[in-house]
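Going by the numbering used here, the residue at position 173 of the sequence shown is 176; the numbering climbs one at a time, nothing skipped.
Below: the structure, in structure tokens.
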Amino acid sequence: MSSVDTQTRFEPDSKRFDLISWPGLAAVLLALSAFVLFGLGTTFPELRAFGYVPMVASLIVAWMADREFARDLSVIAGCLGLISSISVAADISWTNIARMGVVLSAVVIGPWLITRYGFKDRTIVFPLRRGQKWSRMEWAWLAFVIVVAWLVLPQYFMRTGVYLNWPPVTQWDEIVRLFFGVNAVGIWDELFFICTVFALLRKHFAFWTANVFTTIIFVSFLWELGYRSIGPVLTIPFALVQAYIFTRTKSLPYTVTVHLLFDALVFLTIVHAHHPEALPIFIGV
Numbered sequence: 004m005s006s007v008d009t010q011t012r013f014e015p016d017s018k019r020f021d022l023i024s025w026p027g028l029a030a031v032l033l034a035l036s037a038f039v040l041f042g043l044g045t046t047f048p049e050l051r052a053f054g055y056v057p058m059v060a061s062l063i064v065a066w067m068a069d070r071e072f073a074r075d076l077s078v079i080a081g082c083l084g085l086i087s088s089i090s091v092a093a094d095i096s097w098t099n100i101a102r103m104g105v106v107l108s109a110v111v112i113g114p115w116l117i118t119r120y121g122f123k124d125r126t127i128v129f130p131l132r133r134g135q136k137w138s139r140m141e142w143a144w145l146a147f148v149i150v151v152a153w154l155v156l157p158q159y160f161m162r163t164g165v166y167l168n169w170p171p172v173t174q175w176d177e178i179v180r181l182f183f184g185v186n187a188v189g190i191w192d193e194l195f196f197i198c199t200v201f202a203l204l205r206k207h208f209a210f211w212t213a214n215v216f217t218t219i220i221f222v223s224f225l226w227e228l229g230y231r232s233i234g235p236v237l238t239i240p241f242a243l244v245q246a247y248i249f250t251r252t253k254s255l256p257y258t259v260t261v262h263l264l265f266d267a268l269v270f271l272t273i274v275h276a277h278h279p280e281a282l283p284i285f286i287g288v
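The following block contains the structure:
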């Protein structure tokens, strides 16, 4: 991979806030909101609505602290509010696919349009790194991801029973929809959580501060999606590393490839868990 550069060329110059600051408090409150809306609220539905309280509080604090920061945080909060209006639990019915498709597309396209043409800001970008070949280290990392996912994911999904959070696909059209859904959400994860949420937070905070805030929001979303039990033990490192890879490589295609390879093993694991005789490719489960 190329040399580490957390101040990437596609990040605009902007003042950075400390974690212990009013903007830091606003970001903490927004992360708490995501945790309640998607994480705690999934396990205890009666508490879900309370997630909007820290969201509103975060916006009040943000607008009192700094106008430019408040604009960007408002974009993120608006997206989280829109996502919370639907269920993101694993459901491969055509109706749910269409509903999620509209909402998840809106929270990627909307922020890009608002920041690019409303704020005249180019923080949200989708860098392609054209004309540069992937390095040996980058290819080695892809192989590492495949091996680790093949070893770890079946143990996690099957020993904890979380595969039951995904439908027991039996027909070919269901398998195709599951494959499409897993990969579509994987691509969206990078477009929204990395290119949008992380990028907007990185504009105002140090790299690891923005990365941790983004990870809390991302992992909360994944909890509702179905990655429960000890899921955060896997998804937290994955989220932290993805932002690091994106910043280091400056390549959205590479970052998405890493995610899709991981998700390919997620798909195979779910199918195997429901139909072990049809896909006996894993060991120790």
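Don't be surprised by glycine CBs; every beta carbon is placed ideally from N, CA and C.
Note that the structure is predicted; figures quoted are calculated from it, not measured.
Using the Cβ count rule (16 or more neighbours within 10 Å means buried), how would you classify residue i?
i	result
residue 44	buried
residue 5	Because residue 5 carries a pLDDT of 39, less than 50, the predicted location of this residue cannot be relied on, and no value is offered for it.
residue 91	buried
residue 7	Confidence at residue 7 is low in this model, with a pLDDT of 35, below 50, so the placement of that residue should be treated as unreliable; the coordinate-derived value is given next. So residue 7 ends up on the exposed side.
Pick out whichever of the options has its Cα sitting closest to the Cα of residue i.
i	options	result
residue 205	194, 217, 195	217
residue 24	55, 64, 120	64
residue 70	184, 122, 179	122
residue 61	245, 29, 248	29
residue 286	93, 156, 87	156
residue 197	128, 36, 18, 58	128
residue 112	191, 234, 49	191
residue 135	106, 96, 255	255
residue 31	130, 158, 98, 220	220
residue 161	39, 54, 233	233
residue 138	236, 251, 280	251
Quick one: give me the first and last residue of the alpha helix (DSSP H) that residue i is part of.
i	result
residue 198	Note, residue 198: premise wrong, no alpha helix (DSSP H); not H, not E.
residue 69	Careful: residue 69 lies outside any alpha helix (DSSP H) and carries neither H nor E.
residue 288	Looking at the DSSP string, residue 288 is not in any alpha helix (DSSP H), and its letter there is neither H nor E.
residue 240	234-252
residue 264	255-277
residue 88	Run containing residue 88: none; DSSP gives neither H nor E here.
residue 30	25-37
residue 225	210-228
Inset, instruction - Taking only runs that begin and end inside the stretch 106-174, name each unbroken alpha helix (DSSP H) of 4 or more residues, in chain order. - result: Those alpha helix (DSSP H) runs which fall completely within the stretch 106-174 and span 4+ residues are 139-163.
Inset, instruction - Examine the Cβ distances between the stretch 133-153 and the stretch 223-235 and report whether three or more of them are shorter than 8 Å. - result: No: fewer than three Cβ pairs fall under 8 Å.
Inset, instruction - Report yes or no: do three or more beta-carbon pairs, one from the stretch 270-288 and one from the stretch 162-173, lie closer than 8 Å? - result: Look at the beta carbons and you see the stretch 270-288 touching the stretch 162-173: at least three pairs across the two are nearer than 8 Å.
Inset, instruction - Assess, as a yes-or-no matter, whether the stretch 254-270 is touched by the stretch 200-215 under the definition of 3 or more beta carbon pairs within less than 8 Å. - result: With a cut-off of 8 Å, the stretch 254-270 and the stretch 200-215 do not count as touching, because too few Cβ pairs lie within range.
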